[in-house]
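Please read the structure below before turning to the comments.
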């Protein structure tokens, strides 16, 4: 019985990036436009700010420092909130008290791939931060999310107390930067085509269709 191999979509992302959340919604809409093309989505780590301490930094102070005052920061985020509303995301930036270091979040996302719940874990992390204003630096939150997603939360709890896979995450982030990724989200379709930024669903769908239509002979033979 023949079957067409899935088109891979590798997403370089950071869970403290609101445009990555918007990009996830637009990808979901894009996939509905190409229901006949099998797709495998894989999430990869990036850090918007690797200088943040492990315990995070006060959100208002962080934004004030970054934008040169809260007035400019609020103007910037009001545009993002409007874009989120269009995608059904009820951003609550005022609820966020801490800008987190996201390395532990990326470790959880890495581990979740083995249980095939990566997309679910990413969604829960986005919601916890951007909608519920929860502290992503807290191990208790990550353990809870792992349990809700069906992972072995007791194992996650043990691993978070160690530095397991920390070097791996840092190396992956470095490789993404070396390959030219300077901002996120970054969608790499079939390892060949790159969409930088939270493109509209129609653009992502067109990229998937183009990748499907231009499969190599080797891929075609594999499918037959």
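In the numbering used here, the protein residues as written are 2 to 225.
Beta carbons: idealized from backbone N, C-alpha and C, even for Gly.
C-beta atoms of residue 110 and residue 19 nearer than 8 Å: By 1-based counting over the chain shown, the position of residue 110 is 109. By 1-based counting over the chain shown, the position of residue 19 is 18. The answer is no: Cβ separation not under 8 Å.
Local Cβ density within 10 Å of residue 156, reported as buried at 16 or more and exposed below that: Along the chain shown, read from residue 1 onward, the residue named residue 156 stands at position 155. The residue is exposed, with fewer than 16 neighbouring Cβ atoms inside 10 Å.
Range of the contiguous beta strand (DSSP E) that encloses residue 14: Counted from its first residue, the chain shown places residue 14 at position 13. Unbroken beta strand (DSSP E) run through residue 14: 8-14.
DSSP beta-bridge partners of residue 58: Position 57 of the chain shown, counting from 1, holds the residue named residue 58. According to DSSP, which records beta bridges pairwise, residue 58 is partnered with 100.
Residue 113 classed as buried or exposed, judged by whether at least 16 other C-beta atoms fall within 10 angstroms: Translated into the one-based positions of the chain shown, residue 113 becomes position 112. That one is buried.
Residue interval of the beta strand (DSSP E) (run including residue 190): On the chain shown, position 189 is the one that residue 190 refers to. Note, residue 190: beta strand (DSSP E), 187-190.
Exposed unless 16 or more other CB atoms sit within 10 angstroms - verdict on residue 211: Working through the chain shown from its first residue, we reach residue 211 at position 210. Its Cβ having fewer than 16 others within 10 Å, residue 211 is exposed.
Span separating the alpha-carbon of residue 125 from that of residue 146: As a working mapping, residue 125 is identified with position 124 in the chain shown. As a working mapping, residue 146 is identified with position 145 in the chain shown. So the alpha carbons of these two residues sit roughly 7 Å apart.
Which of helix, strand or coil DSSP assigns to residue 26: For this step, residue 26 is matched to residue 25 along the chain shown. Helix, per DSSP.
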